[in-house]
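Position in the sequence shown counted from 1, then plus 1142, gives you our numbering. Where is the CB? At the ideal position from N, CA and C, for every residue including glycine. In this text, all values refer to a predicted model and were calculated from it rather than measured experimentally.
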Amino acid sequence: MRLRDLLAWLVLLVVAMINGTLRDFTYGRHMSELSAHQLSTLIGILLFALVIHRYVRRWPPASARESVCIGLFWMSLTVAFEFLFFHYVAGRSWQELLANYDISSGRVWPLVLLWVAVAPYLFFRLAKSRGPQTHN
């Protein structure tokens, strides 16, 4: 992995923090926690799409394999951060953290992880299908 892959993930982390803050201080006050979680997940996926698309356009992976590796790297960092930070720093229990992975109860957080894992590849393939472009 390149340093810029890590820096791009840090941008995703900042975007996620801003998204969570907006949820907590705006629409999250006017709906159930589950609904706010679901809406925040959708907004997060859309915001991540903007960041990841820009990243892939600016620094295209050399191959489909590299784009998959970038996505899996970002997903791994996200899971590690989620568990380590929120358990050891924020003091949340392991049970509470694992509850976010229960899709059957309406928790859609795994969709963010799936998106982070596959989006670099999808945007790589999209860019390849459109042919060479400038990297603005």
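Note down the Cα distance separating residue i from residue j, rounded to an integer number of angstroms.
i, j, result
"SER1205", "SER1174", "43 Å"
"ALA1232", "GLY1248", "23 Å"
"ARG1171", "ARG1196", "32 Å"
"ARG1165", "CYS1211", "31 Å"
"HIS1229", "SER1271", "42 Å"
"GLY1273", "PHE1266", "11 Å"
"LEU1181", "ASN1161", "10 Å"
Do the CB positions of residue i and residue j come within less than 9 Å of each other?
i, j, result
"THR1183", "VAL1258", "no"
"PHE1225", "TRP1216", "no"
"GLY1186", "VAL1157", "yes"
"GLY1213", "TYR1263", "yes"
Mind checking residue i: buried by the 16 CB within 10 Å criterion, or exposed?
i, result
"SER1209", "buried"
"VAL1198", "buried"
"ALA1261", "buried"
For residue i, tell me which candidate among the options has the shortest Cα-Cα distance.
i, options, result
"TRP1201", "SER1271, ALA1150, LEU1256", "ALA1150"
"ARG1132", "ALA1178, PRO1203, ALA1191, ALA1158", "No answer is possible for residue 1132: the residues shown for the chain start at 1143 and end at 1278."
"LEU1189", "TYR1263, SER1271, LEU1154", "LEU1154"
"ASN1242", "HIS1179, TYR1169, ILE1160", "HIS1179"
"PHE1227", "ASP1147, MET1159, VAL1193, PHE1266", "MET1159"
"LEU1255", "ILE1185, VAL1193, LEU1181, SER1218", "SER1218"
"LEU1268", "ALA1191, ALA1222, PHE1167", "ALA1191"
Quick check on the DSSP output: the alpha helix (DSSP H) that includes residue i runs from which residue to which?
i, result
"PHE1215", "1206-1226"
"ALA1178", "1175-1200"
"PRO1203", "First-last for PRO1203: undefined, no H or E at that position."
"TYR1263", "1251-1272"
"GLY1162", "1145-1167"
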